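Enquirer: Have a look at this one before I ask anything.
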Amino acid sequence: MVFSSITFLLYFLPPFLVAYRLGGSKFQNAILLIASVIFYAWGAMSFLPILLISCVVNFYLVRELDKLSGSKRVRAVSASVILNVGLLVYFKYANFIVENIAPNHFEWSEVALPIGISFFSFQSLSYSLDVHRQTVKPLKKLNEYLVYILSFPQMIAGPIVRFTEVEKALRKRTVANADWLNGFYRFALGLSKKVLIANTLASVFPLDIAVVAGGFEGWSAPHACIAIFAFTFQIYFDFSGYSDMAIGLGRMLGFKFPENFRQPYRATSITDFWRRWHITLSSWMKDYLYIPLGGNRVSSNARLYMNLVLVFAVSGLWHGASWNFLIWGLYHGVFLILDRIFLRDLLKQLPNVLSRTITFGFVVVGWVFFAIEDFDLALSFFSQMFNGEIMSLEIWAQELSFLKAREIFVLFASFIFSSTALYDTFKLDDSRPLRMAGVGVAMFLLSVSYLAGSDFNPFIYFRF
4 MVFSSITFLL YFLPPFLVAY RLGGSKFQNA ILLIASVIFY AWGAMSFLPI
54 LLISCVVNFY LVRELDKLSG SKRVRAVSAS VILNVGLLVY FKYANFIVEN
104 IAPNHFEWSE VALPIGISFF SFQSLSYSLD VHRQTVKPLK KLNEYLVYIL
154 SFPQMIAGPI VRFTEVEKAL RKRTVANADW LNGFYRFALG LSKKVLIANT
204 LASVFPLDIA VVAGGFEGWS APHACIAIFA FTFQIYFDFS GYSDMAIGLG
254 RMLGFKFPEN FRQPYRATSI TDFWRRWHIT LSSWMKDYLY IPLGGNRVSS
304 NARLYMNLVL VFAVSGLWHG ASWNFLIWGL YHGVFLILDR IFLRDLLKQL
354 PNVLSRTITF GFVVVGWVFF AIEDFDLALS FFSQMFNGEI MSLEIWAQEL
404 SFLKAREIFV LFASFIFSST ALYDTFKLDD SRPLRMAGVG VAMFLLSVSY
454 LAGSDFNPFI YFRF
């Protein structure tokens, strides 16, 4: 079950919100936990027992960890890390490892990828490590920990919520009318971004269909450029839309989840891009991997650059078990090194519009490896993308003529809204509640109407 589905919007969410509201503060966690288990079981029933058992083991392990010291404490936190990383490695990377290390040496049944495992594994790790560092005290009630890990608004595709950000709300929270209004508006905004924009862009020269069909032979350069531009905006509106929905739902339930996007395509450097794109992942990697490796406080630039490369290699593989995800991560890691050496200072000397355009170009090129998981096909795509036809206005016009008017409009509108300050006009606040409620209801109804008339509802980050 995903947020952008009729099942969730009309049959799951309304009765849940009514029960949650009527249940009061005494039963909030119980109602949310039951709903979260149902929500997860709907799409991954076979993995639910493993998930619940791992949560119970981790809860009691960390609770004991807090009582220990010295080598016993280290062993306890190591056991927690091994448990969470082990689950992630097995379910997400076992197939990849077997295929690349020993493809013909023994029989292997492919392991199914549980939805959301990357997100709840990182949340479990942050909880264990924060308790070990003594920055927080562990929860005393199992149901509160289960709500933290399993809470359906953010468990499938983030944002990655740290325990420190919701610690007090897990124990007790209140929901004011303004929270309901702001939360509903944010949810409706995210839903419209996902359904009206991202879903439309997914049908513009889809790269995944071309990969299944065998590649990009016969594609013109404008055709390839339009396809990767459509993917560039699709993945942003798809993932940021889901994050908006999660943040909005959280607000309606009394939680304040962290922001995950801040108009990343307005970045003036790759360093700036990663301060705006998937912010909770970047922050997690910084605090739990980059800084423990030494961060900026290392003895040499070589060590600093190695840390950056390692962090972004892990970031790439976090997204998927594929060599191209690793390449995508390393690609960004190299640009971060170049930023530190000279590139960021060079871009600062240019007008903002030019530095943003150059950075956007770097990002778009990187998305090729993200969108096309086969390395040879990615290289083939580049050869089509940068051939001599790219400057032909006639071919550009011809390729655009194959698109529907709505697709062309959404493609250009997505560029404007993600690359300019115009999007800020949609950030309404509760100082004008009637306007916020009216716009929110209109976006919600429009999105539901679109979903009711279409069975096309892809979601990119659902597979991570």
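Using this note's numbering, the first residue of the sequence shown is number 4, and each one after it goes up by one.
We treat Cβ as the ideally placed atom computed from N, Cα and C, and that holds for glycine.
Keep in mind that this is a model prediction, so the values were computed, not measured.
1. From Ile163 to Leu91, what does the alpha carbon distance come to, in whole angstroms?
2. Restricting to Cα atoms, I'd like to know which of Val84, Ala172 and Ala160 is closest to Ser131.
3. Please check the pair Ser417 and Phe240, which I expect to be a contact at CB under 8 Å, by giving their CB distance rounded to whole angstroms.
4. Could you check whether Ala381 and Phe372 sit closer than 8 Å to each other, using their CB atoms as the reference points?
5. When you compare only the Cα positions, how much space is there between Tyr148 and Ala201?
6. Grouping DSSP H, G and I as helix and E and B as strand, with all else coil, what is Gln157?
7. Comparing C-alpha positions only, which one of Leu320, Leu25 and Lys29 sits nearest to Leu333?
8. Measuring straight from C-alpha to C-alpha, what distance separates Leu341 and Ile273?
9. Is Ala227 buried or exposed, if buried means 16 or more other CB atoms sit within 10 Å of its CB?
10. Determine, using beta-carbon pairs with one atom in the segment 151 to 163 and one in the segment 111 to 121, whether at least three such pairs fall under 8 Å.
11. Is it the case that the CB of Gly186 approaches a heavy atom of the ligand COA more closely than 7 Å?
12. Of the residues Leu192, Trp183, Leu64 and Ile37, which one's Cα is nearest the Cα of Asp427?
13. Once you ignore the five residues that flank Ile282 on each side, which residues in its own chain have a CB closer than 8 Å to its CB?
14. Confirm, please, whether the CB-CB distance from Ile34 to Tyr23 is below 8 Å.
15. For Trp326, which residues from the same chain have a beta carbon less than 7 Å from its beta carbon, with the 5 sequence-adjacent residues on both sides left out?
16. Taking just the CA atoms, how far does Phe459 sit from Glu392?
17. Of all the CB atoms in chain C, is at least one closer than 8 Å to the CB of Phe373?
18. What's the call for Glu102, buried or exposed, on a 16-neighbour Cβ count within 10 Å?
19. Could you tell me the alpha carbon to alpha carbon distance between Leu339 and Tyr245, rounded to whole angstroms?
20. What are the start and end residues of each continuous alpha helix (DSSP H) run of 4 or more residues lying completely inside the segment 290 to 325, in chain order?
21. Going along the chain, which residues of its own chain have a beta-carbon closer than 8 Å to the beta-carbon of Arg279, five neighbours each way excluded?
22. List the whole-angstrom C-beta distance separating Val60 from Leu36, where the pair is believed to meet the contact cut-off of C-beta under 8 Å.
23. Note down, in chain order, each residue of its chain lying with its Cβ closer than 8 Å to the Cβ of Thr177, except the 5 sequence neighbours on either side.
24. Am I right that Ile229 and Val207 are in contact with their C-beta atoms under 8 Å? What's the rounded C-beta distance?
25. Buried or exposed: Phe122, going by 16 or more other Cβ atoms within 10 Å of its Cβ?
26. Cα separation between Val451 and Arg438?
27. Following the continuous alpha helix (DSSP H) through Gln237, name the residue where it begins and the one where it ends.
28. Can you tell me whether Leu425 is buried or exposed? The criterion is at least 16 other CB atoms within 10 Å of its CB, across all chains shown.
29. Can you say whether Gly251 is buried or exposed, counting buried as having 16 or more other CB atoms within 10 angstroms of its CB?
30. Would Asn299 be called buried (16 or more neighbouring beta carbons within 10 Å of its own) or exposed?
31. Could you check the C-alpha separation between Met255 and Pro141 for me, to the nearest Å?
32. Hey, Gly369 and His322: beta-carbon distance below 8 Å or not?
33. Please state if the CB of Ile398 and the CB of Pro209 are separated by a distance shorter than 8 Å.
34. If you draw a straight line from the alpha carbon of Ile344 to that of Ala305, how long is it in whole angstroms?
35. Taking the straight line between their C-alpha atoms, what separation do you get for Leu329 and Ala316?
36. So which of Tyr188, Thr360, Gln352 and Ile411 has the shortest CA-CA distance to Leu448?
Expert: According to the data block:
1. 15 Å
2. Val84
3. 6 Å
4. yes
5. 34 Å
6. helix
7. Leu320
8. 9 Å
9. buried
10. yes
11. The ligand content of the structure shown is nil, which means the ligand COA is not present either.
12. Leu192
13. Pro162, Pro261, Glu262, Asn263, Phe264 and Arg265
14. yes
15. Phe378
16. 32 Å
17. Among the chains in the structure shown there is no chain C, since it carries only a single protein chain.
18. exposed
19. 27 Å
20. 304 to 322
21. Phe264, Arg265, Gln266, Pro267, Arg269 and Ala270
22. Their Cβ separation, rounded to whole angstroms, is 18 Å, which puts Val60 and Leu36 out of contact at 8 Å.
23. Ser28 and Gly257
24. 7 Å
25. buried
26. 20 Å
27. Ala224 to Leu256
28. exposed
29. buried
30. exposed
31. 25 Å
32. no
33. no
34. 12 Å
35. 6 Å
36. Tyr188
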